[in-house]
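Offset between the sequence shown (1-based) and this note's numbering: plus 384. We put the CB at the ideal spot given by N, CA and C, even for glycine. Worksheet: one structure, shown below.
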Amino acid sequence: MNVRDKAPKAPTTAAEASLTYKGLTAELPVREGTIGPTVLDISRVHRDTGCFSYDPGFTSTANCASSITYIDGDKGELLYRGYPIEQLAENSNFLASCFLLLYGELPTNEQFRDFRKTISHHTMVHEQMTRFFTGFRRDAHPMAIMVAVVGALSAFYHDSTDINNPEHRVIATNRMIAKMPTIASMAYKYSIGQPFIYPRNDLDYTSNFLQMCFAIPCEPYIVNPIVARALDRIFILHADHEQNASTSVMRSIGSAGTDPYSSMAGATAALFGPRHGGANEAVLEQLAQIGDVKNVPDFVERAKKGEYRLMGFGHRVYKNYDPRAKIIKKIAYDVFNVTGSSPLIDIAVKLEEIALSDEYFVERKLYPNVDFYSGIIYKAMGFPPDMFTVLFALGRSPGWLAQWVELVNDKEQRISRPRQVYLGAETRDYVAIEQR
């Protein structure tokens with residue numbers, strides 16, 4: 385049995401704390417994971433005291449037990465199934481990382497060959513889906529198209545929507561990983577008025593995606609291996625990131641017993657939000673606004689006065705240098721060696737240099753995050769800004785799916801149902817319209 389079929393381990397109980405309110409006491413088990421902070425199990429608080437906990441945004445609440453991804457924000461550490469992101473980005477590839485997230489271990493040569501073959505033979509989408517695209521306006525945002533098309537998959541592939549069937553779960557997750565590049569490229573091609581390019585099973589995962597985006601029927605297209613490897617590594621960096629907004633949505637929808645296609649449409653929609661998946665586009669706009677390296681010092685000073693928000697710096701979780709940002713900075717130089725330099729990269733480097741040495745930003749732990757360089761790289765590769773979140777969704781797909789599979793197997797999980805603090809009117813009687 386592989387990790388994919390196992391329920392996640394329940395956190396071990398280390399001790400107990402207690403909470404007393406108006407003479408009523410709730411005993412709170414103190415639970416521990418493998419690594420990371422301990423947690424107070426507050427599930428008994430309402431039963432024993434009549435109170436709920438209040439945690440806007442769930443920033444201090446663990447809503448599940450998971451064995452997929454671990455983040456230490458203070459150290460700037462990110463692990464997939466225990467493997468440091470630096471090692472995976474340097475030595476692995478995206479498809480092997482998908483296998484790791486789904487199955488819990490890196491594949492052997494034979495396992496990887498079989499997995500790659502399976503994914504390659506699921507890359508085409510149902511031919512009727514090509515007509516689905518013509519229902520959108522030509523100027524529709526590619527991410528809006530992607531949300532709709534991903535949600536429509538359950539209508540085309542209803543032979544794999546029984547979430548209680550392990551075989552259906554495997555087929556559905558394999559299909560999603562295989563078809564996301566095809567859907568993403570179709571959204572892009574439709575937005576620029578070019579014909580769809582069919583997948584090629586002889587190419588690796590990321591090279592196939594690039595040819596579907598940039599090839600045209602009237603002339604040959606050769607994928608640059610350096611660009612393909614760079615994008616593949618970026619996909620690895622984005623593959624999972626613990627319980628972020630879109631992943632929480634994936635789990636929340638999945639907790640209702642929803643199939644992975646529909647759950648993933650919700651996660652994709654969450655990623656569409658500018659506060660989640662759109663940050664790299666905002667960085668690109670800011671660098672263009674600065675315009676020249678000589679303008680960086682003045683821009684930084686004005687940001688310190690509150691006139692601007694420094695985009696691409698700081699993170700909800702990381703209070704140290706985002707480990708992905710260090711990797712993606714090197715990737716940027718690899719790409720620009722092929723595509724040619726850009727004034728934006730020079731502005732970005734100068735902005736990072738000043739911010740990292742300025743006490744104002746250091747005190748506030750505003751370090752560059754993964755979004756700081758990703759938009760510049762995508763632009764150099766030829767992608768327009770409205771494709772940036774689509775690329776993010778493609779990279780995040782295996783993480784969403786691994787989290788969904790884990791949720792389905794978790795016997796502790798129930799349908800997601802947060803509570804609230806009600807601030808509306810107290811009970812009142814209905815008044816007939818003639819008397820109001």
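Go ahead and pull the three-state DSSP assignment for ALA809. The residue labelled residue 809 in the question sits at position 425 within the sequence shown. Residue state, collapsed to three classes: coil.
Beta-carbon proximity list for ARG462, same chain, < 6 Å, skipping 5 on both sides: For the purposes of this step, residue 462 is taken as the residue at position 78 of the sequence shown. Before going further, note that residue 462 is Leu rather than Arg in the sequence given. The beta carbon of LEU462 is closer than 6 Å to those of ILE455, ILE469, PRO707 in its chain, skipping five residues each way along the sequence.
Whole runs of the alpha helix (DSSP H) within the stretch 621–685, excluding any shorter than 4 residues: For secondary structure counted as the alpha helix (DSSP H) over 4 or more consecutive residues, the stretch 621–685 holds these complete runs in sequence order: 629–638, 644–655, 663–674.
Whole-angstrom distance between GLY535 and ASN704, CA atom to CA atom: Here residue 704 refers to the residue found at position 320 when the sequence shown is read from its first residue. Here residue 535 refers to the residue found at position 151 when the sequence shown is read from its first residue. Distance between the alpha carbons of ASN704 and GLY535 is about 37 Å.
In angstroms, rounded to a whole number, what distance separates the CA positions of GLU810 and GLN804? Taking the first residue of the sequence shown as 1, we reach residue 810 at position 426. Taking the first residue of the sequence shown as 1, we reach residue 804 at position 420. C-alpha separation (whole angstroms): 15 Å.
At least three beta-carbon pairs within less than 8 Å, the stretch 768–777 to the stretch 678–689: no
Based on DSSP bridge pairs, tell me the residues matched to PHE767. To locate residue 767, count along the sequence shown from 1; it is residue 383. According to DSSP, which records beta bridges pairwise, PHE767 is partnered with nothing at all.
Here's the rule I'm using: 16 or more other beta-carbon atoms within 10 Å means buried, otherwise exposed. How should TYR405 be labelled? Locating residue 405 in the sequence shown gives position 21, counting from the first residue. The residue in question, TYR405, is exposed, as its Cβ has fewer than 16 Cβ neighbours within 10 Å.
Excluding the 5 residues flanking HIS510 on each side, which residues of the same chain have their C-beta closer than 8 Å to its C-beta? One-based indexing of the sequence shown puts residue 510 at position 126. So the list reads PHE540, TYR541, once near-sequence residues are dropped.
According to the neighbour-count rule (16 or more other Cβ atoms, all chains shown, within 10 Å of its Cβ), is PRO579 buried or exposed? The count along the sequence shown starts at 1 and reaches residue 579 at position 195. Result: exposed.
Within 8 Å of any Cβ in chain B, is that where the Cβ of LEU463 sits? Of the protein chains in the structure, only one exists, and it is not chain B.
Helix, strand or coil for TYR702 per DSSP? Locating residue 702 in the sequence shown gives position 318, counting from the first residue. Coil, per DSSP.
GLU796, DSSP secondary structure in three states: To locate residue 796, count along the sequence shown from 1; it is residue 412. Here GLU796 sits in coil by DSSP.
Please report the distance separating the alpha-carbon of SER538 from that of LYS734. Stepping through the sequence shown from its first residue, residue 538 is reached at position 154. Stepping through the sequence shown from its first residue, residue 734 is reached at position 350. The straight-line gap from Cα to Cα measures roughly 47 Å.
So, using beta-carbon positions, are LEU694 and ILE760 closer together than 8 Å? Against the sequence shown, residue 694 aligns to sequence position 310. Against the sequence shown, residue 760 aligns to sequence position 376. Contact flag unset, no.
So who's on the other strand from LEU463, going by DSSP bridges? The count along the sequence shown starts at 1 and reaches residue 463 at position 79. According to DSSP, which records beta bridges pairwise, LEU463 is partnered with TYR454, PRO468.
If we ignore side chains and look at the alpha-carbon of each, how far apart do ARG801 and ALA640 end up? Here residue 801 refers to the residue found at position 417 of the sequence shown. Here residue 640 refers to the residue found at position 256 of the sequence shown. Roughly 10 Å between the two C-alpha positions.
Is ALA653 close to the ligand NAD? I mean its beta-carbon at under 7 Å from any heavy atom of the ligand. Questions concerning the ligand NAD fall outside what the structure shown contains, since it holds no ligand whatsoever.
Distance between beta carbons of LYS688 and TYR744, contact taken as under 8 Å: Residue mapping note: residue 744 aligns to position 360 of the sequence shown, counting from 1. Residue mapping note: residue 688 aligns to position 304 of the sequence shown, counting from 1. TYR744 to LYS688, Cβ: 5 Å. Contact.
Closest Cα partner of GLY488 within the set SER504, ARG465, ASN477, HIS505: As a first step, residue 488 must be located in the sequence shown, where it is residue number 104. Ranking the options by Cα distance to GLY488, first place goes to ARG465.
Output the residue ranges of the beta strand (DSSP E) runs that lie fully inside the stretch 482–570 and measure 3 residues or longer, sorted by chain position. none
Please say whether ALA649 and VAL531 have beta carbons closer to each other than 8 Å? Taking the first residue of the sequence shown as 1, we reach residue 531 at position 147. Taking the first residue of the sequence shown as 1, we reach residue 649 at position 265. Cβ distance < 8 Å, so VAL531 and ALA649 count as in contact.
Classify HIS430: buried if its beta carbon has 16 or more other beta carbons within 10 angstroms, exposed otherwise. As a working note, residue 430 is residue 46 in the sequence shown. Classification for HIS430: exposed.
C-beta contact flag for ASP742 and ILE610 at 8 Å: In the sequence shown, residue 742 corresponds to position 358, counting from 1. In the sequence shown, residue 610 corresponds to position 226, counting from 1. Taking 8 Å as the Cβ cut-off, ASP742 and ILE610 do not qualify as a contacting pair.
Determine the closest residue to CYS448 out of LEU807, GLN797, VAL815, LEU408, with distance taken between C-alpha atoms. The count along the sequence shown starts at 1 and reaches residue 448 at position 64. Ranked by how close their Cα comes to the Cα of CYS448, the residues LEU807, GLN797, VAL815, LEU408 have GLN797 in first place.
Could you tell me which residues DSSP pairs with ALA401 in its beta bridges? Numbered from its first residue, the sequence shown carries residue 401 at position 17. Note: ALA401 sits in a beta bridge opposite LEU412.
Neighbour-count burial assignment, GLU736, 16 or more Cβ in a 10 Å radius: Within the sequence shown, numbered from 1, the residue matching residue 736 stands at position 352. Buried: at least 16 other Cβ atoms inside 10 Å.
Backbone secondary structure at GLU691 - three-state DSSP: In the sequence shown, the residue the question calls residue 691 occupies position 307. DSSP places GLU691 in coil when its eight states are reduced to three.
Rounded straight-line distance, which links the Cα of PRO601 to that of ASP439: Along the sequence shown, one-based indexing puts residue 439 at 55. Along the sequence shown, one-based indexing puts residue 601 at 217. For ASP439 and PRO601, the distance between alpha carbons rounds to 54 Å.
According to DSSP, simplified to helix, strand and coil, what is LEU750? Within the sequence shown, numbered from 1, the residue matching residue 750 stands at position 366. It is coil, neither helix nor strand.
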